[in-house]
Each structure stands twice: as structure tokens, then as C-alpha cells.
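Protein chains: 2
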Amino acid sequence: MSEVESFFKSAFSVDNVIFGFDGGDLKILLIQRGAAPYRGKWALPGDLVYPNEDLDTAAERVLEQLTGLRGVYLEQVRTFGAVDRHPLGRVITIAYFSLIKISDYTVTPASFAQSAKWHSVSKVGELAFDHNEILDSCLKRLKRKVRMAPIGFELLPPKFTLTELQLLYEAILAPPKGIDKRNFRKKILSTNLLHDLNEVQEGVAHRPAKLYQFDKDKYEQLVAVGYSFDI
Amino acid sequence: MSEVESFFKSAFSVDNVIFGFDGGDLKILLIQRGAAPYRGKWALPGDLVYPNEDLDTAAERVLEQLTGLRGVYLEQVRTFGAVDRHPLGRVITIAYFSLIKISDYTVTPASFAQSAKWHSVSKVGELAFDHNEILDSCLKRLKRKVRMAPIGFELLPPKFTLTELQLLYEAILAPPKGIDKRNFRKKILSTNLLHDLNEVQEGVAHRPAKLYQFDKDKYEQLVAVGYSFDI
DNA sequence: TGCCTTTGTGTCTTTGCAGCACAATAATAA
DNA sequence: TTATTATTGTGCTGCAAAGACACAAAGGCA
């Protein structure tokens, strides 16, 4: 094999850490591998990138094939390329994470996922390939990003209570002493990005909470004028 | 060509944004391309990744071939993989940045750089490929990272004055109104990571400044106990 | 009607950041 | 030797944001 040929005997894939939130725990969607290598092991959903496909597109495709969802929040994190990371050849992988509303995910529509299941990130065991390392990277990125951009809302239903929002932040950031309710509300409301819907929860056995909605248009207007979210 | 073969008809490269600081401007090292495509254009130093080479290693190799330097600060930033980003085929590239002491760089030791030259980042023109976009990403990353980790010192000589350090931060962060001298000194000295050498500048036509040195050992001890640099 | 659970709210203290001016030091020129 | 020039080194005062903290109000349920 010529040197030039050997350069091209390599491939790249995308792996996607798909985050969801069930009201208590931060979760990720894992698939159980049906084929070697690592048959039977849990792994991040991923696939080789098609020759004429952009990287982001490939990550979107992986997500859609697994969940049927399109247009969700997606972010590239970093690339893993250790020579021996894939037993069958030189495959580097570009890691992404996405944020979906867990209620939108119904059932596996497709294909390569014999079984897909939500796992609490705090209880993820040993994964195939270098996927634990990839997960760590993506989780770190999420922790940083969720404070610098209003992406947490991608994990919540359109209407939510302030308590739900706080639980989400606590699940992601896992601060040692929790978050102070009054200070959290003060800070989040002072952004003026939450729209008070003048509706309340129904069917709860206690004082019902008010429902809010994230005002994306307003956020984008502010960003255009130099605003930067910080929580 | 079979589908499997076509998956493997692709390659990956690394591109390295090499930052230096000359006391006033933040600079990057660019090479002028001697071959098509983009012959004659300035470009980031980069190369294909060898089949049996890790990504970080490839980035280090590119740097060493160009500067002769080893063991410098290096960080992966992100991966660029648009289908049409390379005119000759599907080549995705993993972008890195490195920080070197500009005085350590003497002359081009090697090879693929017909001419390498420092360019002020503020005066970089149109580059080959998508290298302007890559540069933007790396610069943004540097701006963020230099505030979260004591990496600025990688760009300065071992002994430096507080004014030099401040000029470096101003060159990187380019804050609208400059940085206040007293507040900067207060903050940087309060980290207790600068070792006062009890030496002063010599041969300057004004009051000589004290020389300091970054205490890397101390920093690493603190990090091990949960400290996080923030400036 | 009373009980249970969760929501919603204000104040005080502490900490960090921004803004600001002038005397001390060394080289150089007169 | 003295004056000039350039740059260093230093402290205080608001102001804004963050952290700590407790209790009445609302609704379902027994």
C-alpha cells in the first residue's frame, strides 16, 4: 500500500451524547450494541460520517434516526483520535451533545438501536470504546455552557415552573449545597427572559406554582445588542 | 467504488494556530503556501495526520517542524469538516492552538514552510481554505481560556514585569477601555502565584520595574485542592 | 375544619469590581 | 549637579452582585 493510500485508510464518525431531564435526574440516551466490537455493551449513539455529509449533519442524522427529532440543540464538543481507540481500524470520532425534551422522545423509530434506554448520568457504567471519556467531556461542556447561555430550557417543556427550572440546574451543576431558592429566582427573573403566563399548575396536592415560558425572541434581540446570559 | 471504500476515501489533518507575544501585539505564525491549492496564500501551519499517529502528536509535530520547539502549551479547539472545505477531496481538520515564547523562535528549521512569518492577529488578511474561521475559533478560545487558567505566562519570558503581563492581557482580551493598572495588580498578586524575584529591570531610562516569575508548582498544588484560577 | 405540602417573597451582610491621583525611581540631557 | 522625562508602585471609596436566611399563603385531602 502506498503512503498516500494509507493516509486514506481511515474514517471518521460522530458520537452524540443526548441529554434529557425527567424532573429529577439528568439522563443520557444510550444504545446497547448488537454487533462486535463491544457487543452487548452500552454505547453512545453514533455513526460513520458519509463522504458527502457535513459533520453537524451527521450528528443530526444520528439523533433523528434514534429519536425522530429534528431541529434540536446540538453542539460539537471535541474530537477523539487515539490511534487504538477503535479495534477495527483508524477511526476518529467527533463528539457532539444534544439537548432534547425527554417527553418528546417516545419510542425507537429506527434501525441501529436494538435497544435504546435513558440512563442517569450519575449511574452510567462502563461504556464501549472511549465513550466514558467522551461523556465526561460533554458533561463538562454542558456544565459550563448552561451557565453562559440559556440552553437549559431546551430540556424542559415549553411551560415550566421555577422549581422545575431550579431542579434542572441542580441536576446539571450538582452544587455541593444545592441552590438557594430565593437567590435563584431573583437572578433568573432579573434577566427578564421568562414570560409569566398567568397560569398555574393543576392537579397538585399543594399550592400550585406559576408557569413560565422562555422568551427566545427577546433573548435574541438582546444578544444582538451585546447581551450575554450569565447565571 | 464500494460504499465501504468510499467511507475510507477521506483524510484528516491538524492545523495549528501558534500564538506569540512581542511585548505589544498578539501574533500568529503563518506560512506562505508553495503549492496548489491556494498557492502563494498565507495559511495556518498544518499537515495530514499519519495513520499511526495520535492527533495531539500530529499537532506537536507540526509545531516542532516549524519552530524546533517541544513541550509547549497545546490545546485542541474544534474540528472543521465542511464537505467542500478542501478542493482536492474530503479532508476534515482538527484545529489546535499553541502558545510559545516568541523569543524562543529563531528561524525556520524545516521543510514545508518556504516562508513563515509572524502576523499580528489584528492585521491578518484573507487566508487559505477556511483558515480565517479556524483562527476566529482559536482566538475566541484563547480569550476565554486565558482568564480561566494561568496560560498567559506561556507567552512571556520566565522573568517578567507586571506591566508586561498587563500588556499581554490587554493584547489578548482587547477590552474597550484598557485594564486599570491598580486593579489588575491587586487581582493578579492576590492569587499569590507570582514569585517576587527581588530583581529589577536594567537599562531602562526610567524607574525600573520589579521582576516576577510564575510559580507553577504552587499553582498545581492549589489545583489539586480545588483551586481554580480566575482573572 | 385542620393538616400537609410546596410556593412565593425581602432584608441584611459580605464580597468583588470599578474608578481614580501622585510620590518614588532611574536614566539622560542641560 | 541639577532639571527633565518616563514609568513604576500604591489605597481608598463607592456600588453592584452574591450569599445567607424564615415564614405566611395557597390548594388538596382526610
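Those protein sequences? They're chains A and B, same order as listed.
With this note's numbering, the residue at position 81 of the first sequence is 81, and numbering never jumps.
Going from the second sequence to this note's numbering is simple: count from 1 and add 1000.
We put the beta carbon where it would ideally sit given N, CA and C, even for glycine.
Check                                                                                                                                 : Outcome
Beta strand (DSSP E) segments (min. 3 residues) lying fully within the region 46 to 133 of chain A                                    : 46 to 48, 73 to 80, 91 to 99, 115 to 120
Cβ of Glu1053(B) within 8 Å of any chain A Cβ                                                                                         : yes
Short-range partners of chain B found in the region 71 to 83 of chain A, where Cβ spacing is below 7 Å                                : Gln76, Arg78, Thr79, Gly81, Ala82, Val83
Under the three-state DSSP convention, the category Val1004(B) falls into                                                             : Confidence is the limiting factor: at Val1004(B) the pLDDT is only 47, short of 50, which leaves the residue's position unreliable, though a coordinate-based value still follows. If DSSP states are grouped into helix, strand and coil, Val1004(B) belongs with the helices.
Contacts around Tyr1105(B), its chain only, beta-carbon distance under 6 Å, and the 5 residues preceding and following it disregarded : Thr1067
Ile134(A) and Ile18(A) closer than 8 Å at C-beta                                                                                      : no
Check whether Tyr38(A) and Ala128(A) have beta carbons under 8 Å apart                                                                : yes
Distance CB(Tyr1219(B))-CB(Pro1150(B)) smaller than 8 Å                                                                               : yes
Amino acids of chain A, ordered along the chain, whose beta-carbon sits closer than 8 Å to that of Arg1141(B)                         : Neighbours of Arg1141(B) on chain A: none; closest Cβ ~11 Å, over 8 Å.
Phe1012(B) at chain A interface by Cβ criterion, 8 Å                                                                                  : yes
Assigned exposure category for Asn198(A) - 16 Cβ within 10 Å defines buried                                                           : exposed
Bridge partners - Gly1020(B), DSSP secondary structure assignment                                                                     : Lys1027(B)
Cβ of Ser1002(B) within 8 Å of any chain A Cβ                                                                                         : Caution is warranted here: a pLDDT of 45 is assigned to Ser1002(B), below 50, making its placement in the model unreliable, and the coordinate value is therefore given only provisionally. Chain A, which has no Cβ nearer than 8 Å to the Cβ of Ser1002(B), makes this no.
N-terminal and C-terminal residue of the alpha helix (DSSP H) that Val204(A) is part of                                               : Looking at the DSSP string, Val204(A) is not in any alpha helix (DSSP H), and its letter there is neither H nor E.
Chain-ordered chain B contacts of Ile134(A) [CB-CB under 8 Å]                                                                         : None at all; the shortest Cβ gap to chain B is about 13 Å.
Interface partners of Arg90(A) on chain B, CB under 7 Å                                                                               : Pro1051
Val14(A) - partner residues in DSSP beta bridges                                                                                      : Asp47(A), Ile94(A)
Beta-bridge partners of Gln1166(B), as assigned by DSSP                                                                               : In DSSP, Gln1166(B) forms no bridge with anything.
Contacting residues, own chain, Cβ-Cβ under 7 Å from Gly1226(B) (five flanking each side not counted)                                 : none
Own chain partners of Gly81(A) with C-beta closer than 8 Å, once the 5 adjacent residues on each side are dropped                     : Ile92, Thr93
Cut-off 6 Å between Cβ atoms - residues of its own chain near Gln76(A), not counting five sequence neighbours on either side          : Tyr96
For Leu194(A), the first and last residue of its enclosing beta strand (DSSP E)                                                       : 194 to 200
Candidates Ser1013(B), Asn1016(B), Gly1023(B), of which the one nearest Leu1168(B) by Cα                                              : Gly1023(B)
Where Tyr212(A) sits in the DSSP three-state scheme                                                                                   : strand
Phe1160(B) in three-state terms, based on DSSP                                                                                        : strand
Beta-carbon spacing of Ile1172(B), Ile1231(B) below 8 Å                                                                               : no
6 Å CB neighbourhood of Ala1058(B) in its chain, flanking five on each side removed                                                   : Val1014, Val1049
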